[in-house]
Amino acid sequence: MTITDIQNKISEEFAVFDDWIDKYNLLVEMGKDLPLIDARYKTNNHLISGCQSKVWLHAAYEDGKVIFTADSDAVITRGIISLLIRMYSGQKPEDILNSDLSFLDDIGLKDQLSPNRSNGLLSMIKQMKLYAQVFKLKSDTESNH
Amino acid sequence: MTITDIQNKISEEFAVFDDWIDKYNLLVEMGKDLPLIDARYKTNNHLISGCQSKVWLHAAYEDGKVIFTADSDAVITRGIISLLIRMYSGQKPEDILNSDLSFLDDIGLKDQLSPNRSNGLLSMIKQMKLYAQVFKLKSDTESNH
Amino acid sequence: MFDLEAIREQFPALHQKVYNKPLVYFDNAATTHKPLAIIERISHYYRCENSNIHRGVHYLSQQATEAFEEARRFAASMINAVKAHEIIFTKGATEAINLAAHSFGRMRMKPGSSILVTAMEHHSNLVPWQQLCLEYNGKLLVTPMDELGQIDLQAYTQLLDQQPVIVAITHTSNALGTINPVKTMIRMAHDRNIPVLVDGAQAIAHTEIDVQDLDCDFFAFSAHKAYGPMGAGLLYGKEKWLEAMPPYQFGGEMVDSVSFDKTTFNVLPFKFEAGTPNVEAVLGMETALRFIRNTGYEAIATHEKELLDYATAQLSQIPGIRFFGQAPEKASVISFLIGDVHPFDLGTLLDKMGIAVRTGHHCAQTVMDFFNIPGTVRASFAVYNTTHEIDTFVAAVKKAALMLS
Amino acid sequence: MFDLEAIREQFPALHQKVYNKPLVYFDNAATTHKPLAIIERISHYYRCENSNIHRGVHYLSQQATEAFEEARRFAASMINAVKAHEIIFTKGATEAINLAAHSFGRMRMKPGSSILVTAMEHHSNLVPWQQLCLEYNGKLLVTPMDELGQIDLQAYTQLLDQQPVIVAITHTSNALGTINPVKTMIRMAHDRNIPVLVDGAQAIAHTEIDVQDLDCDFFAFSAHKAYGPMGAGLLYGKEKWLEAMPPYQFGGEMVDSVSFDKTTFNVLPFKFEAGTPNVEAVLGMETALRFIRNTGYEAIATHEKELLDYATAQLSQIPGIRFFGQAPEKASVISFLIGDVHPFDLGTLLDKMGIAVRTGHHCAQTVMDFFNIPGTVRASFAVYNTTHEIDTFVAAVKKAALMLS
Ligand SMILES: Cc1ncc(COP(=O)(O)O)c(C=O)c1O
Ligand SMILES: Cc1ncc(COP(=O)(O)O)c(C=O)c1O
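Residue numbers (the numbering used here), protein chains in the order written: chain A, 1 to 145; chain B, 146 to 290; chain C, 291 to 695; chain D, 696 to 1100.
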């Protein structure tokens, strides 16, 4: 599925709920289900400082696609992380770089991404795009050889 | 004349004018007429710092009375100084200490004595009373001997 | 007579909705809302009094200077300072403490000197002293506390024996609510000739301060935590210290005379007030202090104690709740966690229900480290809060806890 | 279209009487009055947005943080900073310069280092550098000026050859009105790898500032001299300097992590913003900058130039008048004396006629010493002043001069 397809899918999943409380319940469930990051990556090296909740992120590049795993110590943050991983993990670097996240507005999660939510998500997204950038450069250079 | 007599006299002199401008004209004239302080006292030693206009004050104690001379580089300040000297110079220390200056309110010069008029007058009055205090102590001590 | 409804009426910010729910504002230890009188005071200032002060001979400047210095006298009387010029206006408690640390430090620190703080300081009363110690190759001594959040006075005595150049203690802990026995601690320090700075940021809105009775050497607070505007605070200092200390910032009113070779400095309090002062905020602070005086510390304390006791009792019924800060002498601050729920998650859900609490380390990271937790959820009450709000809050906590466990 | 009446309507403070006479406010270089929009912005903030920022997860805190950071972005765009985090909010220009002097000083000064200023600095851009030199046993170099109040660029070149660690110059002199050729002076300093701080306190209300075009390393101003509230100002600094400089004050948001042994500091801009920031004043500053942008620097400059030229021409007819500051590039500031009349006397009588001017040394004592005078009378104009007010003023000066001579 393309990133847009996944975003549409997520939007649908949230659209069935009117109430914020149901949306957050869903988010919490998704947070609980998030496949954990490999324990050896849960180190300061992979930590993205978010002031209140911590986020760990790991990225690998396999067959032209970026594989992300991540974790957080707060479950709502994990919930959003799980959305981001669904969208970005397994995608091509250029698709990640071209994607936008405005659909989160529509589903009522925008303020979780506000610059001062202190949950580290914005830094995490920046970091994901940075990884995509690096992998893209790498593969560009390699294909030039 | 007692200090109160002099204050009444001054009040009368100002009472004939309704307009602030005439009062200030009188003040300026009084300022111009102020008998100058002896040049040798116009030193930093006798300077009372007033931020915007400078005031020099000298005091002597003769026959149980305090003799003040003073000067300023600003003429309005000199005008008020001349009032103060008329009141206090030649008076006994205890009379100076017991006097009050509320009559200046009545004649419309109160704001020249406001704590931040930056003209040094308040410090000058403090200094005059301090001199009176010192001379009083001195004569008390001497009469005790 | 304490009339809660009448008080609430004075605070426009209390009557808003967030996410379509009536706001329950329990983040008062971070900043309080402001009574209308303060908003109107500021507005009046800019409409009718605005002026730069102290050196203008014109009417507006005279009036504004008068008002500013009257605010200083009022602040002095509020905390019972001996002299008005012992009140140095700053932009807040943090600046006040930095001023004290910098200037007192320069006067007193020698290589190897030590400074004594407590284990429950806000970063603003910890890091300035720590950095001063680093600069002088000195030693930061820390008075420990127990699990309830109480200072260990035994250990304090022993640490005093190391003759720190100053003791810096918080009057009331923002993270735990503990009210420290500052008067006793000051006496103990003075017995050894050690001066004491009291961080009163969390005290001034809740309890009467008498700096002469406390006999503290310095006292600092911010207006914005006591119903006043942002951008104003003060450092009280005993005249003898302030006279002796070198200035902190340079320029403006703090200067007496300047030549390229040499500058002499103005007298107290101006020596420490560089630049155009924040007249607006200082007048707002005066209005806030008057609001507190008119309401009365006793009435405030009685009401806030009621809120504290009620909220503590209600919250205690929630399974898995853990309170941080259980000293018998406690301000209206409740720091807690529920089971393993992350404070950020709890705070986020409470927010969605219209409840403003603070989550995290509350700028007291060493306190969190002591309890080995990432942070707490903190509800802090002000004079305008109600038991009804507490009911809403407790129900919301229960609901959130259910969602998260 | 520039509509003077419409502009005046926005400023309530202009429409008062003092001593029963309509206020003529010509003390704008000390502080300007504030448009209604600012008064209302502050009121709105306290009614609907008030909150402590940056670390609160609740709605009000989120909104206030958003607004605060938007104000930073706007300020950055206003002076064309490359990055928003190059804007450090301070309580004013004096604090901004003290911050730069302290932190840059600690990074760069060595025993014997020199610092270069000019002969026309405000104490706030002189004393911090002078004291820094004293601390490091260094040398304060002073670029001289001529009788018209113009910098001697020849001498400046030679002084630069002494390799000062920094040059600190005022963009516009508050005492003389001189607008310095800062862009040229910066280029000359950069040719020798010397960074430059520009004191923009008297510039920001009158002329467009482009820090990238100027290429200045630091730029400082206060909001209250540019239609904004008291208690806000900023230090712009090039990222490379701000990154390298040590923090200034400690506590609050500027901290990253704290233990008793060690503290690490937050990233830019927070590293330099200790304590609860003055959100109210920063939002007010943004509103003021928007007022300036909407009015337009060109329209402002045209109008103020007209006032300056008109007032200068009218005053020139007064026998015995002496102007201080006659540089061709001049802001709307007129410093003068009449014969031997003391400025305090003149100012006192003008005040009685409802006219607010400043008298004295204008915190630029070295300038007064240069001209060997105790001070001047200074009339400074803002966008809302009128030629009619100038007529009133000139007539009053004539009347006062007559009384005093
Ligand atoms: C105990 C304590 N000290 C100092 C401060 C710092 O106050 P401000 O941020 O207003 O400077 C605070 C505020 O959080 C506090 O709670
Ligand atoms: C040129 C100049 N620099 C600095 C300042 C200091 O500004 P503030 O007092 O707002 O800090 C002033 C204000 O008088 C000024 O005119």
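Don't be surprised by glycine CBs; every beta carbon is placed ideally from N, CA and C.
Closer than 8 angstroms to chain B by CB, residue i
i	result
D:Pro1069	yes
D:Met1098	yes
C:Glu356	yes
Coarse secondary structure for residue i, derived from DSSP in three states
i	result
D:Asp905	coil
A:Thr43	coil
C:Pro312	strand
D:Ile889	coil
C:Val667	strand
B:Glu207	strand
A:Ser72	strand
B:Ser198	coil
D:Asp956	coil
B:Lys237	coil
C:Phe560	helix
D:Phe706	coil
D:Lys712	strand
C:Val687	helix
C:Tyr526	strand
D:Asp912	coil
Min CB distance residue i to chain C below 8 angstroms
i	result
B:Asp216	no
D:Phe945	yes
B:Gln272	no
B:Asp240	no
A:Ile107	no
A:Tyr24	yes
B:Ser268	no
B:Asp256	yes
Near ligand 1: residue i beta-carbon under 7 angstroms from a heavy atom
i	result
C:Cys653	yes
A:Lys129	no
C:Gly382	yes
D:Gly946	yes
C:Lys515	yes
C:Asn464	yes
C:Ser622	no
B:Ser234	no
CB contact check: residue i to chain D, cutoff 8 angstroms
i	result
C:Cys338	yes
C:Gln306	yes
C:Leu430	yes
C:Asp442	no
Check: residue i C-beta below 7 angstroms from any heavy atom of ligand 2
i	result
D:Ser1030	no
D:Ser819	yes
D:Gln897	yes
C:Ala589	no
B:Thr286	no
D:Asp722	no
B:Asp251	no
Proximity test, Cβ basis, 8 angstroms: residue i and chain A
i	result
C:Leu294	no
C:Asp546	no
C:Leu640	no
C:Asp317	no
C:Gly497	Residue 497 of chain C is actually Thr in this sequence, not Gly. Chain A, which has no Cβ nearer than 8 angstroms to the Cβ of C:Thr497, makes this no.
Any non-hydrogen atom of ligand 4 closer than 7 angstroms to residue i Cβ
i	result
D:Asn989	Absence of ligand 4 is noted for the structure shown, with ligand 1 and ligand 2 being the only ligands found.
Segments assigned beta strand (DSSP E), at least 3 residues, entirely inside the stretch 373-461 of chain C = 377-380, 404-408, 429-433, 457-460
Which ranges does the beta strand (DSSP E) cover as unbroken runs of at least 3 residues, wholly within the stretch 568-639 of chain C, from first to last along the chain?
-> 611-614, 623-628
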